[in-house]
Amino acid sequence: MNKEEVLEKMEEEKESVKSKILYGQSRNLSVKRYGWYFNGVNYAIDLVEQLDEPKKVIIPQFVADWIEDAKLYSGNEVDPLGIIYYMGDYIGSEEPHFEWLKNIDNQKLLLNAVANGYEIEKEKKYLVKIKGISLEEEEWLNCKVVGDIRYFELNSSTETEKYKTNFTKQWLKDHWSEYDAYNNAGLLEFEEVEN
11 MNKEEVLEKM EEEKESVKSK ILYGQSRNLS VKRYGWYFNG VNYAIDLVEQ
61 LDEPKKVIIP QFVADWIEDA KLYSGNEVDP LGIIYYMGDY IGSEEPHFEW
111 LKNIDNQKLL LNAVANGYEI EKEKKYLVKI KGISLEEEEW LNCKVVGDIR
161 YFELNSSTET EKYKTNFTKQ WLKDHWSEYD AYNNAGLLEF EEVEN
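Numbers 11 to 205, taken from this note's numbering, label the letters of the sequence shown in order.
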C-alpha cells in the first residue's frame, strides 16, 4: 500500500464518520465520541500527507550562492542534476570554501539542498577584544561609520546607532583590513552574542 492508497482509505473513513454524525446513524457511539474519532482521522490524514515532504536543510550563505549561481549559469532552475553537474565543473580548489565541499557529509547536505530546498544558516555574531590592547575589562572593538569611512576603536559593548559592536567573522574579514593580521596572530578574543 502506498501513500495515495492510505490517504484514499482514510478519506473514505472520514466521509463515513461524517455521514454517521450528520444523519444520526451512530448506534453504539455518541455523537461526541464520533466527533473525537472524526478529529483523529483528520489528524492522521495530516500526518500521512507530510510523510514524503522532506525538510529544508540549513546551509551556509556561500553554499546558497553556489546553488544560485549554478541555477543561473546552467540555465535550468529545476534540474537538480544539471545544477550539481555545473557546480562540479566550476567550483575548483581556488574557491575560498572549497575545503567545505571535500567533506562527504557536506556533499550530502549540498545534494539535499539542491533537491529539497534550503534555508540559509544565520551567522554567529561576536563581541571582539584585542589581547594586549583591550586593557580595561569592558573595552570591545567598535566600528563607527562616517560617510564612506569606517573607524575601528575600543569602546563599550553596547551597540548604538553610532557604533557597531556585534560582528560576524566574515563581516570583519571583509571590512576591517587588520582582521587577518590580528586573527592569525591569535590576538582576537571572541564572545558570542545572541542575534
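By construction, the Cβ of each residue, glycine as well, lies at the ideal position given by its N, Cα and C atoms.
Alpha helix (DSSP H) containing residue i: first to last residue?
{"i": "residue 110", "result": "108–112"}
{"i": "residue 179", "result": "179–185"}
{"i": "residue 61", "result": "Segment: none, residue 61 is in no alpha helix (DSSP H) and carries neither H nor E."}
{"i": "residue 101", "result": "Counting along the chain, residue 101 falls outside any alpha helix (DSSP H), and DSSP gives it neither H nor E."}
With 8 Å as the threshold, decide whether the Cβ of residue i is near any Cβ in chain D.
{"i": "residue 28", "result": "Reference to chain D is not applicable here, since this structure consists of a single protein chain."}
Using CA coordinates, which residue listed in the options is at the minimum distance from residue i?
{"i": "residue 167", "options": "135, 90, 94 and 68", "result": "135"}
{"i": "residue 151", "options": "159, 158, 176 and 132", "result": "176"}
{"i": "residue 97", "options": "115, 114 and 120", "result": "120"}
{"i": "residue 202", "options": "188, 137, 195 and 148", "result": "137"}
{"i": "residue 28", "options": "14, 13, 15 and 50", "result": "50"}
{"i": "residue 118", "options": "165, 87, 106 and 69", "result": "69"}
{"i": "residue 20", "options": "46, 112, 58 and 45", "result": "58"}
Who are residue i's beta bridge partners in DSSP?
{"i": "residue 227", "result": "Any answer about residue 227 is impossible in this case: the structure gives the chain only from 11 up to 205."}
{"i": "residue 118", "result": "Residue 118 is not bridged to any residue."}
{"i": "residue 46", "result": "Per DSSP, none; premise fails for residue 46."}
If I follow the unbroken beta strand (DSSP E) through residue i, where does it start and stop?
{"i": "residue 159", "result": "159–165"}
{"i": "residue 143", "result": "Looking at the DSSP string, residue 143 is not in any beta strand (DSSP E), and its letter there is neither H nor E."}
{"i": "residue 152", "result": "150–156"}
Measure the CB-CB distance between residue i and residue j and report whether it falls below 8 Å.
{"i": "residue 182", "j": "residue 141", "result": "no"}
{"i": "residue 199", "j": "residue 139", "result": "yes"}
Return helix, strand or coil for residue i, following the three-state DSSP convention.
{"i": "residue 197", "result": "coil"}
{"i": "residue 51", "result": "helix"}
{"i": "residue 17", "result": "helix"}
{"i": "residue 78", "result": "helix"}
{"i": "residue 23", "result": "helix"}
{"i": "residue 138", "result": "strand"}
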